[in-house]
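Notes for the one structure printed next.
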Amino acid sequence: MFLFQQNLQNLKNLKSIAFVSSMYKQNQLPSHLSRFLLSISDSTKTITLPKINDEKLLASIFTVPGNSHRFYRFYGDKAYNYYAVRALKLKLPDATREEFVKITGVLVTRKFLSEVAKVCELDKMMLSYNKAGVNCNLGEMVEAYCSGMLFNGMEEEMKKFTSEVVDYYLKNYNKQHITNNEEKSL
């Protein structure tokens with residue numbers, strides 16, 4: 001077990017993830033090793049959720065019963081969509097309209113936002129405010145949290161958050177795309 005941990009640490013200490021990616025793209029590594037290295041590089045990147053310092057605002061977002069937090073969701077949905085599209089345009093300035101619409105369509109879905117909520121541990125944060133465990137859509141709660149960030153004057157943090165969400169999507173999309181191409185070539 002110690003030898004495995006030491007090898008894992010040595011792999012993590014490679015010069016850069018870009019080095020691994022360039023090697024991977026050139027198909028110079030065996031497929032099983034390249035998949036392993038790619039999975040290590042993916043595990044080092046997470047989405048950090050900026051902390052809202054206004055406890056009253058957080059409590060009102062997380063403890064509002066039922067559909068009463070509709071305003072937070074609506075405002076947060078519009079804000080998230082704007083900042084996500086903005087971040088995507090900055091990351092992929094030369095994307096075709098079809099690619100852009102396809103990626104945007106995934107970025108704004110509640111299913112994808114639910115995945116983001118789990119990655120950035122918003123679901124765990126919600127439990128600290130709501131011990132009863134209200135059944136709510138995690139994607140909607142990400143939207144409500146985004147509105148809380150903007151109500152608290154955290155526009156720069158919102159830009160950074162959506163940029164990390166776009167990076168997360170692009171990294172996972174590229175991994176799936178590369179894996180699908182490898183399977184087709186076999």
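Take 1 as the starting number for the sequence shown in my numbering and just add one per residue. Positions of the beta carbon are idealized from the N, C-alpha and C atoms, including for glycine.
Residue nearest to residue i in terms of C-alpha spacing, selected from the options
i    : options                  : result
V142 : L92, Y72, K160 and I103  : Y72
S60  : N172, D94, A144 and T162 : A144
N130 : I52, T48, L58 and R86    : L58
K78  : L127, M126 and R110      : R110
Y169 : E55, F100, K51 and K124  : F100
Burial state of residue i (16 or more Cβ within 10 Å)
i    : result
G76  : buried
V116 : buried
F74  : exposed
T162 : buried
L49  : buried
V166 : buried
L122 : buried
L88  : buried
Residue j beta carbon less than 7 Å from that of residue i
i    : j    : result
G148 : L113 : no
E164 : I47  : yes
T63  : V85  : no
Same chain, Cβ closer than 7 Å to residue i, neighbours up to 5 away in sequence not counted
i    : result
F151 : L57
Y83  : M158, K159 and T162
D54  : N152
V69  : Going by the sequence as given, residue 69 is His instead of Val. Cβ within range, chain order: I61 and A144.
Spatial neighbours of residue i in its chain, beta-carbon cut-off 6 Å, leaving aside the 5 residues before and after
i    : result
Y173 : none
Whole-number beta carbon distance between residue j and residue i, since they are thought to touch under 8 Å
i    : j   : result
V108 : N81 : 5 Å
Proximal residues to residue i (C-beta, below 8 Å), its chain only, five neighbours per side dropped
i    : result
K102 : none
N137 : R110 and S114
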